[in-house]
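Everything on this sheet refers to the single structure shown next.
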Amino acid sequence: VVERHLLGPKCPMRAISLDHFGKLSDKELEVVASEDEADSLTRARLEREQFRYKKALEKWELLRVL
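Residue numbering for the sequence shown follows UniProt numbering, starting at 1 and increasing by one per position.
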């Protein structure tokens, strides 16, 4: 039953075709697909934290071997 609603002819994925997105201008596509500034800043902060945690884990693994 679920498959019929998710993959059937009226499924949300078929509501907008690739052709529709292909016809959008760069500005329209940016509005549809871009993240807002708050999300962008949060993602950047989380990526920096992830990098620092990975470096700390690498150092911990080196110390643990000794």
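From the three backbone atoms N, C-alpha and C, an ideal C-beta is built for every residue, glycine too.
Residue i to residue j span [Cα, whole Å]
i, j, result
"Glu28", "Val65", "54 Å"
"Lys23", "Glu35", "21 Å"
"Pro9", "Arg43", "36 Å"
"Glu49", "Glu61", "18 Å"
"Tyr53", "Ser40", "20 Å"
"Lys59", "Glu47", "19 Å"
Chain B within 8 Å of residue i, Cβ atoms only
i, result
"Glu49", "No chain B appears in this structure, which consists of one protein chain only."
Length-filtered (4 minimum) alpha helix (DSSP H) runs lying within the UniProt domain "GED" (1–66): 2–7, 18–22, 26–33 and 37–65
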